[in-house]
Amino acid sequence: MVDIPICEEKNDELKDQQLNLLKKTLSSVQDLIVVIDRDLKIVTSNWKNCESIPTNEKQGHPFCYSCLMKQSKPCETCQLLEVFATGTCRKFEIEDPLDNKTKLIELSPVFDDNSNVVMVVRHAKDISERKAVEKVLQMREKQHAAVAKLGQDGLAGVELETLIQESVKLVASTLDVEYCRIMKYEDSEPVMVAGVGWEEKSDNKPENKKNEIVCYTLYSHESAMVHEKNTNERFSGLSLLNDHGIISGMDVIIGNKDKPFGVMNVHTTQKRVFTNDDMHFVQSMANVIAEALGRKQAEEKLQKYTKELEDANYLKVLFTDVLTHDLLNPANIIRGFTEELTTIEEEENKKKLLNKIHKNNEKMIYMIESASKFIKLESINDIRFEKQDFVPILEKVIINTGHEMGKKYIKLYFNPTKNYPSLINPLIEEVFLNLLSNAIKYSPQEGKIVINILDIGDKWKIHIADMGPGISNEDKTMIFERFKQVDKGSIKGSGLGLAIVKRIVELHGGEVGVDNNTDGKGSIFWFTLKKAF
Ligand code: ADP
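The sequence shown begins at 205 in this note's numbering and counts up by one.
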């Protein structure tokens with residue numbers, strides 16, 4: 205378009221024709237195009253037709269390039285002289301004084317036949333829209349970086365206080381505002397916990413106590429969450445903001461909307477349209493704080509819970525000590541004296557009373573021992589296992605309970621046919637003892653107890669069947685809970701035996717249960733043990 209030779213030799217008519225053609229061509233272009241000669245005078249331009257120039261400017265603006273150049277920032281003169289001197293193009297951006305828009309200026313030389321630069325074509329393209337988009341993108345990038353930074357610090361476990369202080373600084377610098385603060389609701393009164401631009405220690409609560417929310421987004425085109433407000437209406441009564449010359453602002457809630465921790469305010473003395481993106485940015489920052497707050501609260505809860513557990517544990521240990529020392533010792537002394545008295549006492553009635561004392565004292569000793577055993581087992585989480593055949597342990601228990609069985613003429617059937625290697629801890633003896641003692645205790649006179657071992661894949665299942673009263677379906681799960689006893693008439697126990705069994709079996713990674721004895725009445729107590737390979 206600009207490469208139209210203007211030759212001195214051509215006659216004037218031809219020259220005029222060429223100039224007219226040039227003018228026509230230029231006038232069809234929307235960007236401002238100016239042709240400048242070596243005296244820096246405008247030869248021609250599409251000035252009048254260019255829509256980007258305001259009409260009033262078109263009327264009165266001097267048709268002189270040097271004026272235009274002087275007003276532009278930066279000054280173009282040097283660039284233009286360079287193009288005349290070197291014959292090379294120049295490209296640069298200016299803030300155009302004509303319409304205050306950002307323009308991309310391209311200066312291109314026009315040569316005569318002797319390759320001398322006779323004119324320069326100045327092409328001014330309005331790039332303000334592109335610049336605005338670029339600015340928004342840069343802002344978004346800055347905002348994302350700020351959220352990422354705060355988020356990372358939050359995850360890295362930076363102290364909440366530090367994080368809060370950091371957040372207001374990051375928001376203020378990213379949004380380029382003078383004021384940012386976090387107001388915490390304390391008894392529904394907002395109290396500043398961190399602020400940029402506000403004097404930290406001043407009584408910076410807003411003065412209108414009725415309207416407790418500090419401020420809104422005042423200017424925005426977009427979402428419903430961003431309120432556009434009339435400045436005067438908004439600030440009437442909020443003298444604190446007025447005192448600081450604040451005219452724009454926004455706030456977002458920190459934490460749960462129903463029970464917020466507080467708000468994050470952004471304020472500026474500039475008339476500023478905060479967009480939804482700006483608001484989402486501040487909300488994201490507030491969310492990082494809310495997240496950190498949540499974590500801190502959870503940590504505090506956990507600490508409290510741990511403390512409670514420690515206290516409970518302490519009480520448990522104390523209780524066990526009281527049981528084993530302060531209760532068991534006197535009970536053992538009573539045992540000794542009653543046994544001695546029974547041997548020297550001759551009167552039948554007194555002997556009977558002494559027997560009662562002795563029996564009940566024995567029961568008490570059994571209960572104390574069971575309770576302290578159970579408490580100890582409850583606080584154990586890990587036990588060591590040995591690869592061992594459990595049958596010898598079971599046989600030892602059978603021998604030890606033989607006397608009790610004999611008293612009731614009970615017959616025991618147990619015929620192990622092979623080795624039963626399993627992963628066990630010596631505690632397992634307690635399981636055999638409790639289950640077999642119960643079977644004996646609840647068996648009728650001349651009853652039958654059958655012990656069976658089943659191979660169920662990677663485990664052994666040990667059955668102890670008796671012919672006692674059996675357990676009703678509703679009691680079947682209950683009896684394994686501590687202190688749960690089913691009414692068994694005169695038979696009394698501690699209600700802890702099966703809870704101890706369950707705990708030990710669980711520590712072995714096995715299961716425990718009770719079924720009806722299909723061989724007549726009675727029950728089958730069973731448990732599983734891991735095989736050792
Ligand atoms: P206890 O010391 O009272 O026997 P356990 O925890 O050993 O406590 O047993 C809980 C309850 O389970 C007992 O009170 C009893 O009612 C019932 N029970 C346990 N073993 C048997 C069994 N072999 N036959 C019938 N009932 C049983």
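Glycine included, each C-beta is placed from N, C-alpha and C at the ideal position. Predicted model, so just to flag it, every value in this text is computed and none were measured.
In this structure, does DSSP put residue i in helix, strand or coil?
| i | result |
| --- | --- |
| cysteine 293 | coil |
| proline 394 | strand |
| aspartate 220 | helix |
| leucine 236 | strand |
| lysine 461 | coil |
| threonine 547 | helix |
| proline 301 | coil |
| lysine 663 | strand |
| glycine 724 | coil |
| valine 705 | helix |
| isoleucine 450 | coil |
| proline 534 | helix |
| serine 371 | helix |
| phenylalanine 267 | Residue placement at phenylalanine 267 is flagged as unreliable, the pLDDT there being 46, under the threshold of 50; a coordinate-derived value is accordingly withheld. |
| histidine 719 | Rather than histidine, the amino acid found at residue 719 in this sequence is aspartate. Looking at aspartate 719 - three-state DSSP - the assignment turns out to be strand. |
| phenylalanine 737 | coil |
| valine 521 | helix |
| glutamate 514 | helix |
| serine 312 | strand |
| asparagine 320 | coil |
| glutamate 432 | Residue confidence is low: glutamate 432 scores 43 on pLDDT, short of 50, so the model does not pin down where it sits. No coordinate-derived value is stated. |
| asparagine 564 | helix |
Under 7 Å: does the beta carbon of residue i sit that close to some heavy atom of the ligand ADP?
| i | result |
| --- | --- |
| isoleucine 614 | no |
| leucine 700 | yes |
| isoleucine 683 | yes |
| asparagine 565 | no |
| glycine 651 | no |
| proline 394 | no |
| isoleucine 602 | no |
| phenylalanine 578 | no |
| phenylalanine 729 | yes |
| alanine 643 | yes |
| aspartate 723 | no |
| asparagine 677 | no |
| tyrosine 617 | no |
| asparagine 656 | no |
| aspartate 670 | yes |
| asparagine 638 | yes |
| glycine 610 | no |
| proline 673 | yes |
| alanine 703 | yes |
| tyrosine 389 | no |
| tyrosine 509 | no |
| tyrosine 646 | yes |
When you compare the CB positions of residue i and residue j, do they come within less than 8 Å of one another, or not?
| i | j | result |
| --- | --- | --- |
| proline 312 | valine 322 | It is serine, not proline, that sits at residue 312 in the sequence shown. No, the pair does not count as a contact, with Cβ atoms beyond the cut-off. |
| threonine 248 | leucine 223 | yes |
| isoleucine 597 | phenylalanine 636 | yes |
| glycine 726 | alanine 669 | yes |
| histidine 196 | threonine 547 | Absent from the structure is residue 196, since the part of the chain shown begins at 205 and ends at 737. |
| aspartate 482 | leucine 379 | yes |
| serine 626 | glutamine 592 | yes |
| methionine 682 | lysine 652 | no |
| valine 375 | methionine 454 | no |
| phenylalanine 642 | glycine 674 | As written in the sequence, residue 642 is asparagine, which differs from the phenylalanine given in the question. Taking 8 Å as the Cβ cut-off, asparagine 642 and glycine 674 do not qualify as a contacting pair. |
| glutamate 608 | isoleucine 644 | yes |
| proline 630 | valine 595 | no |
| isoleucine 450 | serine 371 | no |
| phenylalanine 578 | isoleucine 728 | no |
From this set, the options, which residue's C-alpha is nearest residue i's C-alpha?
| i | options | result |
| --- | --- | --- |
| asparagine 638 | Lys680, Gly701, Met682 | Gly701 |
| lysine 542 | Asn553, Leu531, Asn559 | The sequence shown places threonine at residue 542, rather than the lysine named in the question. Measuring from the Cα of threonine 542, the nearest candidate turns out to be Asn559. |
| leucine 640 | Asp659, Glu599, Ile660, Gln649 | Glu599 |
| leucine 733 | Asn720, Thr722, Asp723, Val709 | Val709 |
| phenylalanine 485 | Leu302, Phe618, Ile457, Arg499 | Ile457 |
| arginine 242 | Lys219, Glu370, Glu286 | Glu286 |
| tyrosine 518 | Ser583, Lys567, Phe578, Ala496 | Ser583 |
| threonine 473 | Glu514, Glu544, Gly401 | Gly401 |
| isoleucine 298 | Arg326, Phe288, Ser319, Phe315 | Arg326 |
| leucine 244 | Glu544, Leu218, Ile587, Glu280 | Glu280 |
| glutamate 633 | Leu367, Asn656, Thr605, Leu658 | Thr605 |
| leucine 364 | Gly498, Gly699, Asp216 | Gly498 |
4 or more residues per run - each alpha helix (DSSP H) lying fully within the segment 576–643: Runs of the alpha helix (DSSP H) inside the segment 576–643: 595–611.
At which residue ranges does the segment 466–507 contain complete beta strand (DSSP E) runs of 3 or more residues, listed in the order of the chain? Counting only runs of 3 or more, we get 466–472.
Can you check the segment 326–377 for any beta strand (DSSP E) of at least 3 residues that lies completely inside it and give the ranges in chain order? Qualifying beta strand (DSSP E) stretches: none in this window.
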